[in-house]
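Structure first, then comments.
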Amino acid sequence: MAISIENIPEMVARTWRDLEWTGQRVPKQGIDHAVVILDGLRSKEYELNDMLPESVVVRVPFEKEYREQAMLESSLIAQLFRRTKVRVPGTVRQAYARGTFNTAEPVMLTMQTELLGEPLTAELWQTLSTSQRAWVAEQLGSLLATMHAFDPDVLPMSRVDSWWTDGEATSELNHAPRTLPGKLELMKSRTETILAPHLSAAEAEFVERVFAQVDEMISRPEQQRALTHGELHEDHMLWNAEGGVGVIDFSDMTVGDPALDYAHFAGIAPELPKMVYEQAIIQHEQRRQAPVVPGVPQPMPGPLYRAPDGGRTSESAEDTGVLRRAEVYKDWDNIFLLIDHYRTGRSPRVELL
Numbered sequence: 001m002a003i004s005i006e007n008i009p010e011m012v013a014r015t016w017r018d019l020e021w022t023g024q025r026v027p028k029q030g031i032d033h034a035v036v037i038l039d040g041l042r043s044k045e046y047e048l049n050d051m052l053p054e055s056v057v058v059r060v061p062f063e064k065e066y067r068e069q070a071m072l073e074s075s076l077i078a079q080l081f082r083r084t085k086v087r088v089p090g091t092v093r094q095a096y097a098r099g100t101f102n103t104a105e106p107v108m109l110t111m112q113t114e115l116l117g118e119p120l121t122a123e124l125w126q127t128l129s130t131s132q133r134a135w136v137a138e139q140l141g142s143l144l145a146t147m148h149a150f151d152p153d154v155l156p157m158s159r160v161d162s163w164w165t166d167g168e169a170t171s172e173l174n175h176a177p178r179t180l181p182g183k184l185e186l187m188k189s190r191t192e193t194i195l196a197p198h199l200s201a202a203e204a205e206f207v208e209r210v211f212a213q214v215d216e217m218i219s220r221p222e223q224q225r226a227l228t229h230g231e232l233h234e235d236h237m238l239w240n241a242e243g244g245v246g247v248i249d250f251s252d253m254t255v256g257d258p259a260l261d262y263a264h265f266a267g268i269a270p271e272l273p274k275m276v277y278e279q280a281i282i283q284h285e286q287r288r289q290a291p292v293v294p295g296v297p298q299p300m301p302g303p304l305y306r307a308p309d310g311g312r313t314s315e316s317a318e319d320t321g322v323l324r325r326a327e328v329y330k331d332w333d334n335i336f337l338l339i340d341h342y343r344t345g346r347s348p349r350v351e352l353l
């Protein structure tokens, strides 16, 4: 039995034998996980029912690197929940599935609370009031001010895959599969074998230029290392009028360039990257001056975004190129999606020019 949407309910039933549910839904699927939503969730051990939400999202990663990330992802989300204004999913239960289900590798099941809302698309943005748009920016700014100010060398952040193998020096790239350098290396290979036949001369030149720009950006010595979400696009940001923005799917978290997390905002609204950026700066400064909260990591000293200067102190220079680099990462991601489109058919056929 291969990992598929159809057999997730059976995996849940065999792993947690006390659970039953009244219905199931299949949301829009991503690249790295099979996902099913279970409704009317109850436990046959009635004393546990108060610990269960009405509906849960069950996520099963396809690849080993995402299985290994799952428990760490849950731990980091729990840390974020203490400080951020954005809604994030909580882990309800998590375990390796009972039995092998005839799969080559063990199966990891993560059951999370469902965040209600609609994807934060450009069309939805047009329907929001001025105050609602400001709320979106405040919430997303809160998330990034929290994530980007964590010390990447402190547990549990130090267990997250980093783009570099030499810490603060950031001169030795880490080509592990989940990191951006690793993905870039694979993309270059697949561009030759999969993508090139479908590109015009202008598109091929564009791809070469973007790869060169990304190579230069990730190779800057002594640049800032930050915990990044990695895929903050419209499908992972859910809006409703009661709770504002909810952010899902933290499975692509890495320690890398914080500019990556601003890459998709301009596709929702041209003004959104700057709105979120300004809110992140404001909220970082507020947190630096706030009292210490036991058990909650304190933000790093200095500006939220610091220029490559050999260290982070209260005197560090501010990095003014974050939003410019975000535009390049968006171009890079479009190439990633286009390769996946021709390789698997799961991603849309995006336009590069």
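Following the UniProt record's numbering, the numbering of the sequence shown begins with 1 at its first residue and continues without gaps. Cβ atoms here follow ideal geometry from the backbone N, Cα and C, with glycine treated the same way. As the structure is a computational prediction, the values presented were derived from the model and not from experiment.
Same chain, Cβ closer than 8 Å to A78, neighbours up to 5 away in sequence not counted: By 1-based counting over the sequence shown, the position of residue 78 is 78. Correct list, in chain order: G90 and T91.
N- and C-terminal bounds of the beta strand (DSSP E) containing W239: Here residue 239 refers to the residue found at position 239 of the sequence shown. From DSSP, the beta strand (DSSP E) with W239 extends over M237 to N240.
How many Å lie between T110 and E172 at the Cα? The residue you call residue 110 lines up with position 110 of the sequence shown. The residue you call residue 172 lines up with position 172 of the sequence shown. Each residue's Cα considered, the two are about 33 Å apart.
Boundaries (first-last residue) of the alpha helix (DSSP H) holding P9: Taking the sequence shown and counting its residues from 1, one reaches residue 9 at position 9. The continuous alpha helix (DSSP H) containing P9 extends over residues I8 to T15.
DSSP-derived helix/strand/coil call for M1: Taking the sequence shown and counting its residues from 1, the one referred to as residue 1 is at position 1. Legend: pLDDT at M1 = 48, less than 50; position of this residue unreliable, no value from coordinates given.
My assumption, with CB atoms under 8 Å, is that A266 sits in contact with P273. Please give the rounded CB distance. Looking up residue 266 in the sequence shown gives position 266. Looking up residue 273 in the sequence shown gives position 273. Confirmed, Cβ separation roughly 5 Å.
Identify the continuous alpha helix (DSSP H) that holds S131 and give its terminal residues. If you number the sequence shown from 1, residue 131 lands on position 131. Where S131 is concerned, the enclosing alpha helix (DSSP H) stretches over T130 to M147.
Suppose you measure from the CA of T22 to the CA of W16; what does that come to, to the nearest Å? By 1-based counting over the sequence shown, the position of residue 22 is 22. By 1-based counting over the sequence shown, the position of residue 16 is 16. Roughly 16 Å between the two C-alpha positions.
Rounded to whole angstroms, what's the CA-CA distance from P291 to A226? Just pull it up for me. Within the sequence shown, numbered from 1, the residue matching residue 291 stands at position 291. Within the sequence shown, numbered from 1, the residue matching residue 226 stands at position 226. Whole-angstrom Cα-Cα distance: 23 Å.
Which runs of the alpha helix (DSSP H) fall wholly inside the region 299-349 and span at least 4 residues, in chain order? 322-344
Sort out for me which residues DSSP pairs T109 with in a bridge. The residue you call residue 109 lines up with position 109 of the sequence shown. Here residue 109 is Leu; the residue named in the question, Thr, does not match the sequence. BP columns for L109 point to A95.
Candidates R14, Y46, L124 and A149: which alpha carbon is nearest residue 367's? Lying outside 1 to 353, the shown extent of the chain, residue 367 is not represented and no answer is given.
Residues near P119 in its chain [Cβ-Cβ closer than 6 Å; skip 5 each side]: Here residue 119 refers to the residue found at position 119 of the sequence shown. Taken in chain order, the residues that qualify are E234 and D235.
Nearest-angstrom Cα distance between A169 and R98? Against the sequence shown, residue 169 aligns to sequence position 169. Against the sequence shown, residue 98 aligns to sequence position 98. If you take the alpha carbons of A169 and R98, they lie about 43 Å apart.
Cβ-heavy atom distance, E138 to the ligand SAH, below 6 Å: This structure simply doesn't include the ligand SAH, nor any ligand for that matter.
From which residue to which residue does the beta strand (DSSP E) around T103 run? For the purposes of this step, residue 103 is taken as the residue at position 103 of the sequence shown. Premise fails: T103 is in no beta strand (DSSP E) and is neither H nor E.
Given P297 as reference, the closest of S158, R209 and L238 once Cα atoms are compared: One-based indexing of the sequence shown puts residue 297 at position 297. That would be S158, whose Cα lies nearest to the Cα of P297.
Could you spell out the range, first to last residue, of the alpha helix (DSSP H) harbouring V35? The count along the sequence shown starts at 1 and reaches residue 35 at position 35. Per DSSP, V35 belongs to no alpha helix (DSSP H); it is in the beta strand (DSSP E), H33 to D39.
Taking V210 as the reference, which of A34, L140 and K188 has the closest Cα? Position 210 of the sequence shown holds residue 210. Of the candidates A34, L140 and K188, the one whose C-alpha sits nearest the C-alpha of V210 is K188.
Please classify G167: does DSSP put it in a helix, a strand, or coil? For this step, residue 167 is matched to residue 167 along the sequence shown. G167 sits in a helix when the DSSP states are folded into three classes.
Integer Cβ distance of T228 from T254, believed to fall under 8 Å: Within the sequence shown, numbered from 1, the residue matching residue 228 stands at position 228. Within the sequence shown, numbered from 1, the residue matching residue 254 stands at position 254. Confirmed, about 6 Å.
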